[in-house]
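Residue numbers (our numbering): 722 to 1061.
Heads up, the beta-carbon is just placed ideally off N, CA and C, and yes, glycines get one too.
Below: one structure, written as structure tokens.
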Amino acid sequence: MDTKIYQAHELAEAAEQIVAGELVAFPTETVYGLGANALLADSVQKVFEVKGRPSDNPLIIHVADFSQVKEYVDNFHPLTEKIVENFWPGPLTLIFQIRKGAIPLVATGGLSTAAFRMPDNKKTLDFIKLAGVPIVGPSANTSGKPSPTTAQHVYHDLHGKIAGILDDGATQIGVESTVLNLSDLNKAPMILRPGAVTKEALEEVLQSTVEIDGHLIKEGEIPKSPGMKYKHYSPDTQVMMVHPEDWPEAIQWSRDQRLKIGLLASPDVLKEWGQTIKETFSYDNNSIEAATRGLFAGLRALDEGADVDLIFAQAFPEEGLGIAYMNRLKKAAAQKFFEK
Ligand code: TXA
Ligand code: MG
């Protein structure tokens, strides 16, 4: 199968492919998604096959507006309206109890709940409207690879296996959406996966408490979101996280060991410690936003495009967006920090 790269003026053709049951990858503000008609069980099944994704890991259903969700959900959590008004379209996925049989079981991994999201990308919203159906969209990478933040990443992983890719350049945020559980009508909303919509941002708007799944804080707790238990985002090359104060020892140690190092860090860190290192990937600027945007692209570049034994990646404080950045980086690094 030839994988076509669709440009903005070819949205209708891409949407027709979805309606016909084919797979088309699409851009969002977070990462690229692998799209299929959510109402066609066979197409949804193909998404799992093409990605090599475990069948018990449910998919996010992408909609063009909130009214589309109402077709599948009867009872909404009391805070739903406020959340949707403030955060949709945007990097926030909401979990609701769905009407039995409303969505093929293969999409929800057999659960009685489903995940919904309205992405903040104009072309993709038009694409969903043109298709006229909700579109499932896991990150459009092969399972175990970092999520794709460009159409080229998607092409690298999936060309020949999917009908097309809607190209809209690099994504803005760089890590997947926050997943918020609203399926228990009597309980406070709970974050199951950290993303760009933070607990603090939600609490400020809602003026009430938002919980965070225990496994995101304590090691050893079982995650409530099925996908969080898998070792995602994992490059083949070993990755080690480095705290700011540890750069001198880390660099010295790698020299003593005669290791070929790849360095993934902000411009200021690279200026100070990356001078003698051949393979580096620089975040756009020193902010946590730039680091989050560049993380997956950097891991891919140093893992696949460079000959290195070990990747050193910059650790950030675990607060605000840093929680999402460190959550993804820790998985890629199998929790390993450089230690003196
Ligand atoms: O930003 C994103 O969310 C991207 C873009 C493409 O929209 N999509 C994405 O999808 O990251 P995926 O499939 O890679 O991750 C979906 C996450 C998984 O951790 C999955 O377990 C969780 O959402 N999830 C889906 N349905 C769920 C449910 N009913 N209950 C709990 N967790 C659910
Ligand atoms: Mg994924």
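Could you tell me if the beta carbon of residue i falls within a distance shorter than 7 Å of some heavy atom in ligand 2?
i: proline 859; result: yes
i: glutamate 897; result: yes
i: serine 868; result: yes
Run the CB neighbour count on residue i, radius 10 Å, all protein chains shown included, and call it buried at 16 or more, exposed below.
i: threonine 871; result: buried
i: aspartate 723; result: exposed
i: histidine 730; result: exposed
i: threonine 899; result: buried
i: arginine 976; result: exposed
i: leucine 913; result: buried
i: isoleucine 943; result: exposed
i: glycine 831; result: exposed
i: serine 860; result: buried
i: threonine 749; result: buried
i: serine 1008; result: exposed
i: aspartate 938; result: Sequence check: residue 938 is isoleucine here, not aspartate. When all chains shown are included, isoleucine 938 counts as exposed.
i: glycine 916; result: buried
i: proline 969; result: exposed
i: proline 965; result: exposed
Going straight from the alpha carbon of residue i to that of residue j, what length do you get?
i: threonine 892; j: threonine 1013; result: 11 Å
i: asparagine 1006; j: alanine 986; result: 9 Å
i: alanine 1034; j: aspartate 967; result: 12 Å
i: glutamate 924; j: valine 896; result: 21 Å
i: aspartate 905; j: serine 946; result: 14 Å
i: arginine 820; j: serine 833; result: 8 Å
i: methionine 1047; j: glutamate 1000; result: 22 Å
i: alanine 1036; j: leucine 984; result: 12 Å
i: glutamate 1040; j: leucine 813; result: 18 Å
i: proline 956; j: serine 864; result: 11 Å
i: lysine 772; j: tyrosine 753; result: 13 Å
i: proline 910; j: leucine 800; result: 8 Å
i: tryptophan 809; j: glutamate 1060; result: 41 Å
i: valine 990; j: tyrosine 1004; result: 10 Å
i: alanine 852; j: arginine 1049; result: 32 Å
Looking at C-alpha atoms only, which residue of the options is the closest neighbour of residue i?
i: aspartate 1030; options: Gln978, Gly853, Asp841 and Ile938; result: Gln978
i: valine 963; options: Phe747, Met911 and Phe1058; result: Phe1058
i: threonine 930; options: Glu1000, Thr919, Gln973 and Thr958; result: Thr919
i: histidine 798; options: Lys981, Leu903, Gln738 and Met839; result: Leu903
i: glutamine 794; options: Phe817, Glu806 and Leu813; result: Note on identity: in this sequence residue 794 is valine, with glutamine being the wrong assignment. The shortest C-alpha separation from valine 794 is found at Phe817.
i: threonine 958; options: Phe1017, Ile886, Leu901 and Ile1032; result: Ile1032
i: glutamine 973; options: Pro988, Thr997 and Asp989; result: Thr997
i: phenylalanine 769; options: Asp889, Glu1010 and Gly948; result: Gly948
i: proline 867; options: Leu980, Ile726, Asp1024 and Ala759; result: Asp1024
i: valine 805; options: His783, Val854, Met839 and Gly935; result: Met839
Measuring only from the beta carbon, is residue i closer than 7 Å to any heavy atom that is part of ligand 1?
i: threonine 845; result: no
i: threonine 997; result: no
i: serine 1008; result: no
i: valine 960; result: no
i: asparagine 778; result: yes
i: arginine 820; result: no
i: proline 1038; result: no
i: alanine 835; result: yes
i: isoleucine 1044; result: no
i: isoleucine 1032; result: no
i: isoleucine 856; result: no
i: proline 947; result: yes
i: glycine 935; result: no
What distance in whole Å lies between the Cβ atoms of residue j and residue i, which are believed to be in contact at a cut-off of 8 Å?
i: histidine 874; j: asparagine 862; result: 7 Å
i: alanine 1045; j: valine 960; result: Contact flag wrong, Cβ pair sits at about 17 Å.
i: alanine 828; j: valine 857; result: 5 Å
i: phenylalanine 747; j: phenylalanine 848; result: 6 Å
i: alanine 733; j: glycine 885; result: Not a contact, Cβ separation roughly 12 Å.
i: glycine 756; j: valine 740; result: Rounded, the Cβ-Cβ distance is 11 Å, inconsistent with contact.
i: leucine 760; j: proline 825; result: 7 Å
So, is the C-beta of residue i closer than 8 Å to a C-beta in chain D?
i: lysine 882; result: The chain inventory of the structure shown lacks chain D, comprising one protein chain alone.
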